[in-house]
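Here is the structure we will look at.
Protein chains: 2
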Amino acid sequence: MAPPLQTSAFLSPGLGVHPSRQADLQRCLLCDQRDANLCSGLDKQGLAALAQSSKRLVLPPGTTMVEEGEPAVSFFNVTQGTVKLFKSLPDGRRQITGFADPGQFLGLSPSDVYSFGAETVDTVQVCRFQRPQLEGLLSDFPVFERNLLVAVTDRLAEAQEQMLLLGRKTAKEKVASFLLDRLQAHERAQATAAAHDHDEPAATTEHVASVPMTRIDIADYLGLTIETVSRTISALRREKIIANMENHYIQILAPATLRQIASGQQNG
Amino acid sequence: MAPPLQTSAFLSPGLGVHPSRQADLQRCLLCDQRDANLCSGLDKQGLAALAQSSKRLVLPPGTTMVEEGEPAVSFFNVTQGTVKLFKSLPDGRRQITGFADPGQFLGLSPSDVYSFGAETVDTVQVCRFQRPQLEGLLSDFPVFERNLLVAVTDRLAEAQEQMLLLGRKTAKEKVASFLLDRLQAHERAQATAAAHDHDEPAATTEHVASVPMTRIDIADYLGLTIETVSRTISALRREKIIANMENHYIQILAPATLRQIASGQQNG
DNA sequence: CGACCACCTTGATATAGATCAAGCCAGCAG
DNA sequence: CTGCTGGCTTGATCTATATCAAGGTGGTCG
Numbered sequence: 000m001a002p003p004l005q006t007s008a009f010l011s012p013g014l015g016v017h018p019s020r021q022a023d024l025q026r027c028l029l030c031d032q033r034d035a036n037l038c039s040g041l042d043k044q045g046l047a048a049l050a051q052s053s054k055r056l057v058l059p060p061g062t063t064m065v066e067e068g069e070p071a072v073s074f075f076n077v078t079q080g081t082v083k084l085f086k087s088l089p090d091g092r093r094q095i096t097g098f099a100d101p102g103q104f105l106g107l108s109p110s111d112v113y114s115f116g117a118e119t120v121d122t123v124q125v126c127r128f129q130r131p132q133l134e135g136l137l138s139d140f141p142v143f144e145r146n147l148l149v150a151v152t153d154r155l156a157e158a159q160e161q162m163l164l165l166g167r168k169t170a171k172e173k174v175a176s177f178l179l180d181r182l183q184a185h186e187r188a189q190a191t192a193a194a195h196d197h198d199e200p201a202a203t204t205e206h207v208a209s210v211p212m213t214r215i216d217i218a219d220y221l222g223l224t225i226e227t228v229s230r231t232i233s234a235l236r237r238e239k240i241i242a243n244m245e246n247h248y249i250q251i252l253a254p255a256t257l258r259q260i261a262s263g264q265q266n267g
Numbered sequence: 000m001a002p003p004l005q006t007s008a009f010l011s012p013g014l015g016v017h018p019s020r021q022a023d024l025q026r027c028l029l030c031d032q033r034d035a036n037l038c039s040g041l042d043k044q045g046l047a048a049l050a051q052s053s054k055r056l057v058l059p060p061g062t063t064m065v066e067e068g069e070p071a072v073s074f075f076n077v078t079q080g081t082v083k084l085f086k087s088l089p090d091g092r093r094q095i096t097g098f099a100d101p102g103q104f105l106g107l108s109p110s111d112v113y114s115f116g117a118e119t120v121d122t123v124q125v126c127r128f129q130r131p132q133l134e135g136l137l138s139d140f141p142v143f144e145r146n147l148l149v150a151v152t153d154r155l156a157e158a159q160e161q162m163l164l165l166g167r168k169t170a171k172e173k174v175a176s177f178l179l180d181r182l183q184a185h186e187r188a189q190a191t192a193a194a195h196d197h198d199e200p201a202a203t204t205e206h207v208a209s210v211p212m213t214r215i216d217i218a219d220y221l222g223l224t225i226e227t228v229s230r231t232i233s234a235l236r237r238e239k240i241i242a243n244m245e246n247h248y249i250q251i252l253a254p255a256t257l258r259q260i261a262s263g264q265q266n267g
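Top line first, the protein sequences correspond to chains A and B.
Under numbering that gives the first Met the number 0, the residue at position 16 of the first sequence is numbered 15, and the numbers go up by one with no gaps.
Under numbering that gives the first Met the number 0, the residue at position 76 of the second sequence is numbered 75, and the numbers go up by one with no gaps.
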């Protein structure tokens, strides 16, 4: 009776599977991300079912997880690292529609074929579900289905926010919004780490944004060119609103100013 | 246990309610849109519950249905007409994130406050659900919850397509894509009408797009100005790809060409 | 150690689409 | 019928961002 819920993904079978843990019923119970989105609110039985229905994978940077147009057979929950989701035009123009950070799912598609591509940005850990198993979980655990509905609703709201950015914000506003997103992503990751590391009371990291992706990815996410992204970041640095840190981190010196820029209330 | 699923809307109580039909248990059973998305797959009992949990409203053009930032108390299913959904920046810049045509829902929000605004484009009929009733239906009728999950997934895929348009398509490609969307919307409406009007075998309307919204709305949907929209439509008319009809309809003379333009494979 | 490569930055110039400015057209009120 | 209003079209000019072009930097590998 229920319409088939399609999920998507393409991945060579077994790639990255941790053989020793495949059948570990405790895996989800012990997971860092247990309380994140999809897996929250489940009892021990539910978590065991989840562990049995999924496999944990570790994927190196640049791995194609989902290819547009391929049969949608897998569904993923990200537990570590960052995945980029994108759509492309025949001539190669590309739009990154979002980055999936730990706690986020990916792989739902409205048809039996994926409507987007997905590729790892850095080293990524995911739990992979095959579609039949996912369907079983949705039917057997109403909390799980409700979690997924809430998660998809969240993503839709994010997409609407991103449409506002793409259609109506200037380059500077786009970059400011992006940096704030990445600040939030890093803060969430820190919070999760702290919650599972009871000794260290989490030294309040001073406004650091995690930016594991390249300028090309940022440009394709913001609807700009890499040159404009680079120039805009340089301008923010000159204005002492941000500062460079090591490799893939940017320090936000003036978060309030950045927030004003992002919402179009200031032009620096 | 299930996280509260928030829905949104602001509407003066009772506005547009058809008093005589409020309690009509047959209403959903007899509805044109019964098989559309949310309400499909329900048995008589389910349809009766749906009818009891919702009210049918008729809203004139330009009615504010949902206002960004107001408590999210209502959820709607559109049965007639077109609603625009949008987000705005403090200085008034606006992005229309989508048009809800018959068969589409609106009103879900990730928090207890709506994250977007919604306004009728033309005369609109909707079924309105208050949040507690919606929650009840989702819990009592798994088919209904599954339908909603599928519908939200569809909207997310549309949003991703629209991000590709906003970030990476030219003005001409944007307008071509929009006209094809409106062609599809009109074809779906015709099909629904035909299915409920068994006498008339639905004279295959020759590629007509329904465009009830103004140039301002189109511009705010495509991330352009009204002048650019107007110029681009004029150019397509000059190229004999489209032709004007009465007020709010546009005839598509060369759908294949339009499709090529929309996907970036031709520049005319 | 050197040189290659991927990625990033900065500068000069070009252009798609925005902005500014008129005027047109249809429907409605008087 | 006349004039007003809201929505649309068209033209002239401007500008934010793209494009073209030239280095710079840091990590890796022979």
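Just so you know, even glycine gets a beta-carbon here, dropped at the ideal spot from N, CA and C.
In the DSSP assignment, Lys-168/A falls outside any beta strand (DSSP E), carrying neither H nor E. DSSP places Gly-68/B outside any alpha helix (DSSP H), giving it a letter other than H or E.
When C-beta atoms of the stretch 157-168 of chain A are compared with those of the stretch 153-172 of chain B, three or more pairs fall below 8 Å, so the two segments count as touching. Chain A places a beta carbon closer than 8 Å to that of Met-162/B, counting this residue as a contact. Between Gln-79/B and Leu-148/B, the alpha-carbon positions lie close to 22 Å from each other. In summary, the residues of the stretch 143-154 of chain A whose CB is separated from some CB of chain B by less than 8 Å are Glu-144, Arg-145, Asn-146, Leu-147, Leu-148, Val-149, Val-151, Thr-152, Asp-153 and Arg-154, in the order they occur in the chain. Scanning chain B for C-beta atoms nearer than 9 Å to the C-beta of Ala-156/A yields Leu-107, Ser-108, Pro-109, Ser-110, Ser-114 and Phe-115, reported in chain order. Interface annotation, Leu-182/B: not in contact with chain A, CB-CB separation never under 8 Å. In this structure, DSSP gives Leu-88/B a state outside helix and strand, which the three-state scheme calls coil. Uninterrupted alpha helix (DSSP H) stretches at least 4 residues long and entirely within the stretch 97-176 of chain B occur at 130-139 and 141-167, given in chain order.
Using a Cβ distance threshold of 8 Å, Leu-257/A and Ala-175/A count as a contacting pair. In the structure shown, the three-state DSSP call for Lys-239/B is coil. Within chain B, the residues placing a beta-carbon under 9 Å from that of Arg-92/A are Leu-163, Gly-166, Arg-167, Lys-168 and Gly-263, ordered along the chain. The alpha-carbon separation between Glu-205/A and Pro-211/A amounts to approximately 18 Å. Between the stretch 35-52 of chain A and the stretch 125-143 of chain A, the count of C-beta pairs closer than 8 Å reaches three or more; the two stretches touch. Proximity of Lys-86/A to chain B, defined by a Cβ-Cβ separation below 8 Å, is satisfied. Annotation: Thr-63/A has no Cβ neighbours in chain B at a cutoff of 8 Å; minimum Cβ distance is about 17 Å. Beta-bridge partners assigned by DSSP to Gln-259/A: none are found. Here His-195/B is exposed: its Cβ has fewer than 16 other Cβ atoms, across all protein chains shown, within 10 Å.
Residue range 214-221 is occupied by the alpha helix (DSSP H) that includes Ala-218/A. In the structure shown, the three-state DSSP call for Arg-93/A is strand. Taking 8 Å as the cut-off, the Cβ atoms of Ser-262/A and Pro-59/B do not count as close. For Thr-96/A, the C-beta contacts it makes with chain B under 7 Å involve Gln-159 and Met-162, in order along the chain. Bridge partners of Asn-76/B according to DSSP: Phe-104/B and Cys-126/B. For Ala-208/B, the enclosing beta strand (DSSP E) covers residues 207-209. In this structure the stretch 92-104 of chain A does not lie against the stretch 170-184 of chain B, because fewer than three pairs of beta carbons, one per stretch, are closer than 8 Å.
Tyr-113/A and Val-65/A do touch by the CB rule: their CB atoms are close to 5 Å apart, below 8 Å. The C-alpha of Gln-124/B is placed about 33 Å away from the C-alpha of Phe-115/A.
In the displayed model, Gln-264/B falls within coil according to three-state DSSP, outside both helix and strand. Taking the C-beta atoms as reference points, Leu-155/B is found nearer than 8 Å to Leu-155/A. Taking 8 Å as the cut-off, the Cβ atoms of Asp-23/A and Ala-50/A count as close.
When DSSP states are grouped into helix, strand and coil, Gln-25/A belongs to the coil group. Taking 8 Å as the cut-off between beta carbons, none of the residues of the stretch 65-76 of chain A comes near chain B. For Gly-222/A, a Cβ of chain B is located within less than 8 Å of the residue's own Cβ. Residue environment: Asp-216/B is assigned as buried (16 or more neighbouring CB atoms within 10 Å of its CB, all protein chains considered). Between Phe-74/B and Leu-133/B, the beta carbon gap of about 5 Å places them in contact (Cβ cut-off 8 Å).
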